[in-house]
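Notes for the one structure printed next.
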Amino acid sequence: MAEHDIDANDYHQALHTRAETVQYRRFRRQVSISNQLALFAILATACYQVVYLATDPAYYRGILLTNLFFMLVYALGISLNNRQHHIPARNLVMLNAVVHIFFVNLFIGSEAGVHLFYFGLGTLLPFQYYPTRPVRYTVQMALLTLAYLVCHFMLNEQTALTPVPSPIVEVLYAGSAAGLVCLLAVTLFLFGKSIEESEQLLTRLSTTDQLTGLANRRHMDTFLEGVWGLAQRNRQPLSILMCDVDHFKWFNDTHGHPAGDQCLTQVARVIESLVRRQTDLVARYGGEEFIIILPQTELYGAQQKAEQIRRAVEALNIMNKGCTPPSPVTISVGVATLTELFGLKREDLLKMVDEALYTAKSNGRNRVETAPPIP
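Under this note's numbering, the first residue of the sequence shown carries the number 1, and numbering increases by one thereafter.
Okay, here's the thing in structure tokens:
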């Protein structure tokens, strides 16, 4: 089997690509909101355009052309997003919406209710420009409020360039109100989804080992508590394997910590691939140690699984040049099984498997040792 050479640069690049940070998720959400806002604005404006065309195209020529211009700018924002120019696209769409609403009110007056959409933009601000800078956020909200007040009190039917007569203006107002409700509903949905995704991310981060992607020790403790109680109630066997990478300090000292991290990741992947039952758990216990919890597993089955894992890790043929002579990376495995859990604690089982692992280390490594039964 070919020797595995470890490229630390490629490894860290792959790890960075795979890791989805909170900042990246937030940025992706901003891109999505920009596109959705632009599409909503285009569709809503198209509805107003139909009304103007059906009523008096010559009279509403100015607002028709103005709306067409702003619709093209929204489309440009979507195009910029598609070409990976996300920040300019976000700023363009938001600014275009603010100015667009103002110009529509300038043409047809506030009686049509188009300025109500400023409330919708206000609810989107925290998503598009996270209020980590209170001064900037306050200024943005103040400008939106000012724009709304100017439209409401100063751009009315008397000052409008092409005011809309009744009852068409009432229809437009109803459409504006309905559009605002839709926009707010979408915003609240996105807000709820954002909270749910954040909670899922926090849960995953708190229960997952960052390097290997396996369960961490906290998750392992919680899982063991659950299966321990289940095994007690149902009088079922419970087995644990504890694995330790042999001479890992020598590997780290010789190959460097990035290579050591990749070595642990490869070992973790092999162990995980061989523990397939949904009732089992593979966890990183700390450093170069891994634990496999096997509910409803007798001693013989646990020993077979331990030997299978030991052979698979050795077959990776990751050379440890810190050894003399250089040799493949191997693991030592301790096995412990309890068939009667009453009167015992979880710590007793962990102590048993730890002692079995110590025996495997003392007897030459790269082997499986079983803890003696409790008398």
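Backbone N, C-alpha and C define an ideal beta-carbon position, used for all residues, glycine too.
These figures come from a predicted structure and were not determined experimentally.
- Remark: C-beta atoms of residue 325 and residue 319 do not approach each other more closely than 7 Å.
- Within the same chain, and ignoring the five residues on either side of residue 367 in sequence, the residues whose Cβ sits closer than 7 Å to its Cβ are 332, 360.
- DSSP, reduced to helix, strand and coil, places residue 329 outside both helices and strands of the structure shown, so it counts as coil.
- Between residue 183 and residue 119, the alpha-carbon positions lie close to 9 Å from each other.
- For residue 31, same chain residues with a beta-carbon under 7 Å away, outside a window of 5 residues either side, are 81, 86 in chain order.
- With respect to the C-alpha of residue 104, the residue from 235, 63, 76 having the closest C-alpha is 63.
- Boundaries of the beta strand (DSSP E) around residue 283: 281-286.
- Residue 94 sits buried, since 16 or more C-beta atoms from the chains shown fall within 10 Å of its C-beta.
- Of all alpha-carbon atoms in 187, 295, 288, the one lying nearest the alpha-carbon of residue 240 is that of 295.
- Approximately 6 Å separates the beta-carbon atoms of residue 330 and residue 365; this is inside 8 Å, confirming the contact.
- Ranked by how close their Cα comes to the Cα of residue 127, the residues 106, 167, 195 have 195 in first place.
- Nearest Cα to residue 45 within the set 149, 112, 59, 92: 112.
- With 16 or more other CB atoms across the displayed protein chains lying within 10 angstroms of its CB, residue 338 is buried.
- In the pairwise beta carbon analysis, the stretch 276-293 is classified as touching the stretch 224-242: at least three pairs are separated by under 8 Å.
- The stretch 211-225 makes contact with the stretch 257-275, as at least three CB pairs between them are under 8 Å.
- Distance from the CA atom of residue 358 to the CA atom of residue 334, rounded to whole angstroms, is 8 Å.
- In this structure, residue 251 keeps its C-beta atom at 7 Å or more from the C-beta atom of residue 301.
- Counting C-beta pairs closer than 8 Å gives three or more between the stretch 161-169 and the stretch 53-63, which meets the contact rule.
- With a cutoff of 7 Å on beta-carbon distance, residue 166 and residue 114 are scored as not near each other.
- Note on geometry: alpha-carbon atoms of residue 179 and residue 72 lie some 20 Å from one another.
- Judged by DSSP secondary structure, residue 267 falls within the alpha helix (DSSP H) whose first and last residues are 257-274.
- DSSP, read as helix, strand or coil, puts residue 337 in strand.
- In the DSSP assignment, residue 318 falls outside any alpha helix (DSSP H), carrying neither H nor E.
- In this chain, the alpha helix (DSSP H) harbouring residue 222 covers 217-234.
- Residue 223 holds the alpha-carbon nearest to the alpha-carbon of residue 278 among 74, 223, 266, 286.
- Assigned with DSSP and collapsed to three states, residue 166 falls in coil, not helix or strand.
- In the DSSP assignment, residue 69 falls within the alpha helix (DSSP H) that extends over 61-82.
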